[in-house]
Amino acid sequence: MATAPRGPRSLLGRWDAMRGDPSLRREADMMAFYLGVTLLVALNVPQDGDPPPLPELLLIIWGTTVGLALAHWFALGLSVEIVHDPALHHTPGEMLLSQVVMGVALAVVASVAVLVTPTAWELRGARVAVSVFVAALVVLESRVEGRPVRQALALGAVALGLTLAVATVKSVLGLK
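Quick note, our numbering runs 123 ahead of the 1-based positions in the sequence shown.
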């Protein structure tokens, strides 16, 4: 069985390099957290009892995550061109990969949640999936950084609680 090439110029090689570089990993994680909160806000716009049609809901998910990651990358690339920063040691391409990978991962998780959840609950299902994604990423990165399992799970629980709080603000405030 053949394996995909992992040289430094291959996509998998670049992924390995990104995961091995703490500043690129932090950039990817920051993008995931930012996109997660933004997606939660976007999923709070439609009414739970009257969600948009499935194609429109998927467009909201993918446009918010991947579209916003691409917009962020564009802004970063433009700013790199006009403001010289000798401390910057990542190319716009490396930043693009680190940001878009997280956008795609988040979009896939939210899309699967929407596709497997009954229509009346698909917005709530997507919000919970996004919150769990953020919490799982916190636990994973906490473990990678050497935190004990209990501490990593506690940080993940805090992240889950905070993102679920963001996701339910609409309901708590009674906004229609």
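In this text, a Cβ means the ideal position worked out from N, Cα and C, and glycines have one as well.
Check, Outcome
"Neighbour-count burial assignment, V206, 16 or more Cβ in a 10 Å radius", "exposed"
"C-alpha distance - V235 paired with F156, whole-angstrom precision", "19 Å"
"Proximity of L219 and W185 at Cβ, strictly below 8 Å", "no"
"Chain-order list of residues whose beta-carbon lies under 7 Å from that of A151 (same chain, five-residue window excluded)", "M141, S221, Q222, V224, M225"
"A288 to L276 span [Cα, whole Å]", "18 Å"
"Nearest-angstrom beta carbon gap, D171 and R247 [assumed within contact, 8 Å]", "6 Å"
"Proximity of V262 and G279 at Cβ, strictly below 8 Å", "yes"
"Host alpha helix (DSSP H) of G186 (start-end)", "Run containing G186: none; DSSP gives neither H nor E here."
"Reduced DSSP category for L211 - H, G, I as helix; E, B as strand; rest coil", "coil"
"Within 8 Å, strictly: CB atoms of V253 and A282", "no"
"Local conformation of V224 per DSSP, three classes", "helix"
"DSSP-derived helix/strand/coil call for T240", "coil"
"Boundaries of the alpha helix (DSSP H) in which G269 is found, first to last residue", "First-last for G269: undefined, no H or E at that position."
"Residue span of the alpha helix (DSSP H) that contains G159, given as start and end", "145 to 167"
"Contact check, L327 vs T286, beta carbons under 8 Å", "Examination of residue 327 is not possible in this model, given that the chain is present from 124 through 299 alone."
"Proximity below 8 Å, CB of G200 to CB of P178", "no"
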